[in-house]
Structures are given as structure tokens and as C-alpha cells.
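Trainee:
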Amino acid sequence: MVVQKHRLVWNKTVSFGGLCLCGTVTLYVMANKMTTAANAIVLQYSAPVFIILFLWLFFHNRPSRLDLGTCAIVLGGIVLFFIDSLGAGKMAGNLIALLSGVCYAMVCMLNTFPAGDPLSSVFWGHLMSALIGLPSLVRETDFSAGAIGCVVILGVF
521 MVVQKHRLVW
531 NKTVSFGGLC
541 LCGTVTLYVM
551 ANKMTTAANA
561 IVLQYSAPVF
571 IILFLWLFFH
581 NRPSRLDLGT
591 CAIVLGGIVL
601 FFIDSLGAGK
611 MAGNLIALLS
621 GVCYAMVCML
631 NTFPAGDPLS
641 SVFWGHLMSA
651 LIGLPSLVRE
661 TDFSAGAIGC
671 VVILGVF
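Okay, so the sequence shown: first residue is 521 according to my numbering, each after it adds one.
Right, dumping it as C-alpha cells:
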């Protein structure tokens, strides 16, 4: 394993990037509890649509025809994907997953800003996520070797 000597940065851009990454992870986990994993994944990966929208609204970066075509294809795919599975019982989970996609778009954008530092944002974002998720450990009952092994494998890979 290669250890990288990288000095952690803390500024407004990095802290907001960390907060958005925390939102991405936390909202995704919540959405997985409230809707299907497939819905949560597809909606989270609607982030490119939000990136194009945010660049247009906040930075007046007019989208190209290719950008608009990409958005149309992504949105069309999402609509087709959900045509059978959108139900009122899972709508809250779907909306939370969509919000996770918004946070993911913000992470991608903030990491390109001049004051952004992707490694620091990831570190602080995962630290925030761990602190938010730690209280749920109290309710956990299965601490078998298999369960802990799965958590370690998921965390590493």
C-alpha cells in the first residue's frame, strides 16, 4: 500500500465539498432503506444532469447541444426505468435518492474549484458520515465474523 503525503486542507470550498459528500453517502443509505437499491443507484447517478443545470443557473455556462442531448437521454432512461416501479409508498425514498444525486453533483463541481482539494473533501466527508452513522451502531445486534468481514470488505473496496 502506498502512503501519500498529502496535507489536509480546511477551507470553505473543502468543507462544503465534505458536507456534500456526507450528504451523498448518508442520503444514499437512507434511500436504500426506503426504496429499492436499483432506484437509489439510478437516481444518484442523475448527477450529470444536475451538474449541467447548476453550471447554467449559477455560472451562466450555457449547455451545448451535446449536454442537452445527454440530459435528455439520461432523463429518458430514468423515466423508462421507473415507469413500472414508481409508487407512492416508495416516493420518499426516491426523492431522497434524487437529493443524493444533487449532493453528488455538488461534490463533483466543488472538487474542480481553485480552492477545492478532492482528497481533503473525501476525508472530511467520510469523517462526517462516520460520525452521523455511529449512533446507528448501538441498534446493531449482529457482530458475527461474517458481518464484520463484509463491512471491512465493503469499506476497503
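We treat Cβ as the ideally placed atom computed from N, Cα and C, and that holds for glycine.
Count the other CB atoms, across all protein chains shown, that sit within 10 Å of the CB of Trp-530; report buried if there are 16 or more and exposed otherwise.
Mentor: So Trp-530 ends up on the exposed side.
Trainee: Taking one C-beta from the region 555-568 and one from the region 662-672 each time, how about it: are there three or more such pairs within less than 8 Å?
Mentor: The region 555-568 is not in contact with the region 662-672.
Trainee: Drop a sphere of 10 angstroms on the beta-carbon of Ser-566, count the other beta-carbons inside from all chains shown, and report buried for 16 or more, exposed for fewer.
Mentor: Ser-566 is buried by the Cβ-count criterion.
Trainee: DSSP on Gln-524, reduced to helix/strand/coil?
Mentor: It is coil, neither helix nor strand.
Trainee: Assuming Gly-636 contacts Phe-570 under a Cβ cut-off of 8 Å, what Cβ separation, rounded to an integer in Å, is found between them?
Mentor: Contact doesn't hold; Cβ gap of about 17 Å is too wide.
Trainee: To which residues of the same chain is Leu-657 closer than 8 Å at the C-beta, ignoring the five residues directly before and after it?
Mentor: Same-chain partners within the cutoff: there are none.
Trainee: For Met-626, count neighbouring C-beta atoms within 10 Å of its own C-beta (all shown protein chains included) and say buried if the count is 16 or more, exposed if not.
Mentor: It is buried - the Cβ of Met-626 has at least 16 other Cβ atoms within 10 Å.
Trainee: With distances taken from CA atoms, which of His-526, Thr-546 and Thr-533 is nearest Gly-613?
Mentor: Ranking His-526, Thr-546 and Thr-533 by Cα distance to Gly-613 puts Thr-546 first.
Trainee: Would you give the residue range spanned by the alpha helix (DSSP H) that Asn-614 belongs to?
Mentor: Looking at the DSSP string, the run of the alpha helix (DSSP H) that includes Asn-614 is 611-630.
Trainee: The alpha helix (DSSP H) spanning Phe-574 covers which residue range?
Mentor: Note, Phe-574: alpha helix (DSSP H), 567-579.
Trainee: In the DSSP assignment, find the unbroken alpha helix (DSSP H) run with Phe-643 in it and report its ends.
Mentor: From DSSP, the alpha helix (DSSP H) with Phe-643 extends over 638-653.
Trainee: Can you give me the C-alpha to C-alpha distance between Arg-582 and Leu-588, rounded to a whole angstrom?
Mentor: Straight-line Cα distance between these residues: approximately 10 Å.
Trainee: With H, G and I counted as helix, E and B as strand and the rest as coil, what does DSSP make of Arg-659?
Mentor: If DSSP states are grouped into helix, strand and coil, Arg-659 belongs with the helices.
Trainee: For Ala-592, count neighbouring C-beta atoms within 10 Å of its own C-beta (all shown protein chains included) and say buried if the count is 16 or more, exposed if not.
Mentor: Classification for Ala-592: exposed.
Trainee: Check each candidate in Gly-653, Leu-539, Thr-544 and Gly-537 and name the one with the smallest Cα separation from Leu-615.
Mentor: If we check each option's Cα against that of Leu-615, Thr-544 comes out closest.
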